[in-house]
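To keep things clear, I will list the structure first and then write my remarks on it.
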Amino acid sequence: MVDLTEQLYALPGGDKFKLCIQCGTCAASCPSVSVMQYSPRQVIALVRAGMVREVLRSNAVWVCASCYMCTVRCPCDIQPTELMHALQLLGFQNGLLPDGVAVAAFYQTFAASVRARGRVHELGVMFRFLLTRPRKALQLLPVGISLFRRGRLKLRPPRAAGVRELGIMLKALRQEEPLRVAAPAQAVEGGVGA
Amino acid sequence: MRAYTYFPGCCCDEGTGVAYGISARAVAGPLEIELRELADWNCCGSTPMWALDSLEGPCAALRNLALAEPTGLDLVTQCSSCYITLKKAHDLFTGDGALGGRLGRALGAAGLEYRGRVRVRHLAEVLLDDVGAEAISRRLQKKLSGLRVACYYGCQTVRPRGIDHPEFPTRLEALVTALGAEAVDFPYKTRCCGASLMFSEQGFALSLVRKILESATANGAQCLVTVCPFCQINLDAFQHQINSRFGTSFQVPVLFLTQLIGLALGLEPRALALEKNVVSPLPLLSARVA
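This is how it looks when you write it as structure tokens:
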């Protein structure tokens, strides 16, 4: 298997962390840090120590809210948010996803909706995501009903006719040489749901 | 009348943020801007698609830029996620030679072309910079005097870079003041609402929203105003959950900026889809809009 750190370097936003001085500004700025198994600063330390696998097995990159506070405050311009996104991508590509973190499954449900129709059908995404998560469904049901009654969740899915063009573009890109350092083919297919 | 190519985005077109789309279209006429909807736009891919695949997210966003370019107009969106994502796609395309070339060939395979000339803008930016607070205040039909409004910016309209300072923005306050209302400052105005974590990590996201509502109301706000559809839904639709979880008693209206502007312009509450807000702003505003 190609080294995960090497794969990370090749991704957009995946190489800047080498400049980190471990000051902890990112951790102190992060709204999610209280529920993260590793803070953004610790994520960077682990990645540099070659422990990408440990990071990907934790919830750390999945509870990033993409608020970009760390990115605007980082004195070394590391853009930790982009690193989090790159690590999410790496997790999908290699099938390294933590147990019990629903964000990854939510992302996949969301993407499936766009692939099918070119636009997101929020009610459909909610329904499919919650189908296998009865506790969450129960928590969200009252909110769903109040939104539905106000016409904020539509039954009829939207559609962009150009969804066909997206498929053509993606196919053309996949036929070219892989952009990143090669990962096992099987994991790539599983990860992107191609 | 200045024209723009308009990218409503899935959420504001007919989703949970539909009131934002309706109110934006409603105020455009009186403010003498024209929002021409981009024909057959598709989802920008947003954070999920960009995180799942290094190519699919950019593809989705770039198709929109390619469709928008021939119009020769700025591409305006009111959604903070569409805004940041479309800008990211433009930067990726124009900034990285190898990747830009590949994406260009993929567009070509679908019979499209992008030359890197689209300027992506947030609707709030258009209202602030192109229309301007002064021009808006000249068109006021109803003074919102005495209404204490907290402007909540959230994250992605100001970070990593956006319509104002990333941590201490003040421009929406100036606009709200121009509407005759009183802008309330509060320290949580650029703190995160949790975005889609409300879906996957709800308990934690509720605690984030609680702090924002607490901070705004403790500083005297009667309502909040936001320019992001996800901030609006998290702050508006989950107050009941927050109250039962934390023993609080929030009942604070959260309006889209375009709804508040519309009211000041004398538009009917229905034209601004105010009935779609979960916490109804009408009791608070009825004296002012009557």
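Chains as they are written, first to last, in my numbering: chain A, 34 to 227; chain B, 6 to 295.
Every residue, glycine too, gets a C-beta built ideally from N, C-alpha and C.
All values reported here derive from a predicted model rather than from experimental measurement.
- The same chain holds no residue with a CB closer than 6 angstroms to that of Leu164/A once the five nearest residues on each side in sequence are set aside.
- One finds Val147, Gly151, Arg152, Val153 in chain A with Cβ atoms closer than 7 angstroms to the Cβ of Cys48/B, taken in chain order.
- The DSSP assignment places 58-62, 73-81, 85-90, 102-106, 113-126 as complete runs of the alpha helix (DSSP H) inside the region 49-133 of chain A, in order along the chain (cut-off: 4 residues).
- For Glu280/B, the secondary structure class from DSSP, reduced to helix, strand or coil, is helix.
- At a cut-off of 8 angstroms between beta-carbon atoms, Cys56/A makes no contact with chain B.
- Note on Glu139/B: under 16 other CB atoms within 10 angstroms of its CB, so exposed under the neighbour-count rule.
- Within the region 173-199 of chain B, the runs of alpha helix (DSSP H) at least 4 residues long that lie entirely inside it are, in chain order, 176-183.
- With a contact defined as Cβ atoms closer than 8 angstroms, Gln161/B and Cys233/B qualify at about 7 angstroms.
- Going by C-alpha positions, Asp101/B is about 12 angstroms away from Gly109/B.
- A Cβ-Cβ separation of about 5 angstroms places Ala73/B in contact with Val123/B under the 8 angstroms criterion.
- Closest in alpha carbon position to Ala183/B, among Thr231/B, Glu130/B, Leu265/B, is Leu265/B.
- Within chain A, no C-beta atom comes less than 9 angstroms from the C-beta of Gly26/B; the nearest is roughly 11 angstroms away.
- At least one beta carbon of chain A lies nearer than 8 angstroms to the beta carbon of Thr52/B.
- Uninterrupted beta strand (DSSP E) stretches at least 3 residues long and entirely within the region 59-121 of chain B occur at 80-82, given in chain order.
- Here Ala71/B has Leu112, Leu117, Glu118, Tyr119 as same chain residues with Cβ atoms under 8 angstroms from its own Cβ, once five neighbours each way along the sequence are excluded.
- Contact between the region 270-279 of chain B and the region 229-247 of chain B is absent: fewer than 3 CB-CB pairs across the two stretches fall below 8 angstroms.
- The three-state reading of DSSP puts Ala155/B in strand, counting E and B together.
- Counting along the chain, Leu44/A sits inside no beta strand (DSSP E), nor does DSSP assign it H or E at all.
- Contact of Arg41/B with chain A by beta-carbon distance below 7 angstroms is absent, the smallest such distance being about 17 angstroms.
- DSSP, reduced to helix, strand and coil, places Leu260/B within a strand of the structure shown.
- A straight line joining the alpha-carbon of Ile38/B with that of Phe12/B spans about 14 angstroms.
- For Leu262/B, the closest alpha carbon among the candidates Glu19/B, Tyr9/B, Ala31/B, Lys92/B is that of Ala31/B.
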